[in-house]
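Numbering (our numbering), first residue to last: 611 to 1001. Quick notes on the structure that follows.
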Amino acid sequence: MKIALLSRINRWFVFVMLTVVTIAVIISTVFFINYLRKEEIKRINLIFKAIKIQQEVESPDPAILELLPEIYSSNSTIPIVVTDKNHQPILEYGYSMNIAEEIANDPVALKQLIQRMSSSYEPLEIKFPDGNNQFIYYDNSRLLNNLRYSPYLLGLFIFSYLLFSFWFLRTIKKTDAGFLWAGLAKETAHQIGTPLSSMIGWIEIMRMENPYSEGISEIEKDVERLKTISERFSKIGSVPELNDMNLSETVQQNFDYLKTRISTKVAFTLQLPEEEMLISHNRILISWVIENVVKNAVDAMKGEGELNIHLYRKGKNIYIDFKDTGCGMTKRQAANVFKPGYSTKKRGWGLGLSLAKRVVNEYHDGDIKIAQTETGKGSVFRIVLKDRSDS
C-alpha cells in the first residue's frame, strides 16, 4: 500500500508541475509578445523623431548628425517605408528599412506592401510647416509576426492539456477505486481466514467422534469452498500465476459445483467442444468469474428459467457465453453493470461483476461484456480470452 500511495503522490506531483509549467508558459508568452510590441513602437517613435529633426532643422548640431545614422541603423528588424504627402515611397537612406531588395525595386510590390502595412497600423504623419508632410508606414518585425500565431498554438496546447487533465483525473479515479476494491478483498480474505481455521479444527474433532458422518463430509466440502473463496479474495490486487490448462475442465468443474447449489427450477446446461481448450489462465480466479456471472444470471431469472454456458473457439479467441432467460437489462443498466458499486439488487454491493471484469481484463488480458440483452427476454454475458497457443 505504501508503494501505491507513493505512486499516487508522484502522479499528483507530475500533474501539479505540468499545471504550473502550462500557466507559466501562457503568462510568459503573453508578457513577451506585449513587451516586443511596446519596444517596436518605441523604436518607430524614435525613428519618427529622427526623420522630423532631419527635415526641420536647417543647420543641426554635428553631434545630432552623427546620432541620426545610429538611430536608423539600430532598427534591423522592423520594416519601414516613408512616403511623401502623395503616399509615394521615398527610397533614400533612413526612409526605407528592412525591405527586401526585390520588393524595393518593384513599384507594384512596394505599393502592395504599403497597403498591407496600412491595414496593420495607421501610418504616422510627420507634419512640416511647408505642408510637404510625410507618412511612416510600418509593420511588425518577422519575429513578432511569427509570434502572432502563438495564441492559436497556446489554444492547441491548452486544449491538449485539458484532455490530458481529464485523462489523468479519470485514471486517478479508476486507480483509487482499484486500490479500494483490492484492499476490501484482501481484508475480507483475512477476516474469513480466522473463523475458517477454527471450523477446520472442529471438523477434525467431529470426524474423530463420527468418522462416517455424511453431514461432516458435506461441511468439509463447504469449508473447502470457503478456503477457495478466501484464496480468490487474497489474489485480488496481486499478480496471479497463470498456467496452461484445459479451460474445458475449469468450466466443467464450476458447472458441476454450481448445478447442485442453484435452484432446481433453473434448466442449467453446458456446451463444451470436443477438442481441448488449452489456454493460460488462473483456475481459481476464472472460477470466481464464472460463479459471479452464473449467480447474476440466476438472480436475473429469480431462480426460474434457462441458463446455458457455451464454450467455443472462434478465430484466435476463446469464448464463454452465458445465456439466460432473465429480465434482461436496459441500455443504461448494461452500460453500468460492470462499474464498482453499481447493483440492480437492493442488497447488492456491486462488487461481483466489477471484480470479475478486473480479473478478466487486467489479469488475463481478455474482455467480459454483455453481448446481447433485451428487457424481458434475457441477456448473454460473454468472456473473451485470447488464444496465444499458435503465437
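All residues carry an ideal CB built from backbone N, CA and C; glycine is no exception.
About 15 Å separates the Cβ atoms of L963 and G976, ruling out a contact at the 8 Å cut-off. V692 and S706 do touch by the CB rule: their CB atoms are close to 7 Å apart, below 8 Å.
Under the three-state reduction of DSSP output, I872 falls in the coil class, being neither helix nor strand. Looking at the DSSP output, Q982 shares a beta bridge with V990. Looking from the CA of P679, the closest CA among Q862, L646, Q698 and E702 belongs to E702.
Ranked by Cα distance from L917, the options K924, N927, E830 and N906 are led by N906.
In the three-state reduction of the DSSP assignment, A710 falls in the coil class. Short of 8 Å from the beta carbon of I980, and not among the five residues preceding or following it, lie these beta carbons of its own chain, in chain order: M939, A944, V947, S989, V990, F991 and R992.
In the three-state scheme derived from DSSP, where H, G and I count as helix and E and B as strand, F948 is classed as coil. The three-state reading of DSSP puts D997 in coil, since its state is none of H, G, I, E or B. The Cβ neighbour count for N971, taken over all protein chains shown within 10 Å, is under 16; the residue is labelled exposed.
Residue environment analysis places Y747 among the buried positions, since at least 16 neighbouring C-beta atoms fall within 10 angstroms of its C-beta. In the structure shown, the three-state DSSP call for L917 is strand. With respect to I900, V861 sits close: the two C-beta atoms are nearer than 8 Å. Only residues of its own chain outside the window of five on either side were considered, and among them Y747 have a CB closer than 8 Å to the CB of S728, listed in chain order. Secondary structure of I688 (DSSP, three-state): coil. Shortest Cα-Cα distance from S873 to any of V908, L895, G925 and E859 involves V908. Here I894 is not near D997, since their CB atoms are 8 Å or more apart. Judged by DSSP in its simplified three-state form, D977 adopts strand.
In summary, D740 is exposed, with fewer than 16 beta-carbon neighbours lying within 10 Å of its beta-carbon over all protein chains present. In the three-state scheme derived from DSSP, where H, G and I count as helix and E and B as strand, L888 is classed as strand.
Note on geometry: alpha-carbon atoms of T639 and I633 lie some 10 Å from one another.
Cβ contact annotation for H920 (same chain, cutoff 6 Å, sequence separation greater than five): Q881 and D931, in chain order.
Here the C-alpha atom of E828 lies approximately 27 Å from the C-alpha atom of L857. Between the alpha carbons of I736 and R647 lies a gap of roughly 22 Å. The beta carbon of E914 is closer than 7 Å to those of S873, K875 and V876 in its chain, skipping five residues each way along the sequence.
D854 sits in a strand when the DSSP states are folded into three classes. A residue is called buried when at least 16 other Cβ atoms come within 10 angstroms of its Cβ; I889 meets this threshold and is buried.
Annotated three-state conformation of N696 is coil, per DSSP. At a Cβ-Cβ threshold of 8 Å, I813 and E830 count as neighbours.
DSSP links I815 through a beta bridge to no other residue. Straight across, the Cα-Cα distance linking N853 with E824 is about 35 Å. The shortest C-alpha to C-alpha distance from K924 to any of W898, D934 and E885 is the one to E885.
The beta carbons of G936 and A910 sit about 3 Å from each other, so the pair counts as a contact at 8 Å.
Here E851 is actually not in contact with N902; their C-beta atoms are around 21 Å apart, not less than 8 Å. Residue burial annotation: D832 is exposed, with fewer than 16 other C-beta atoms found within 10 angstroms of its C-beta.
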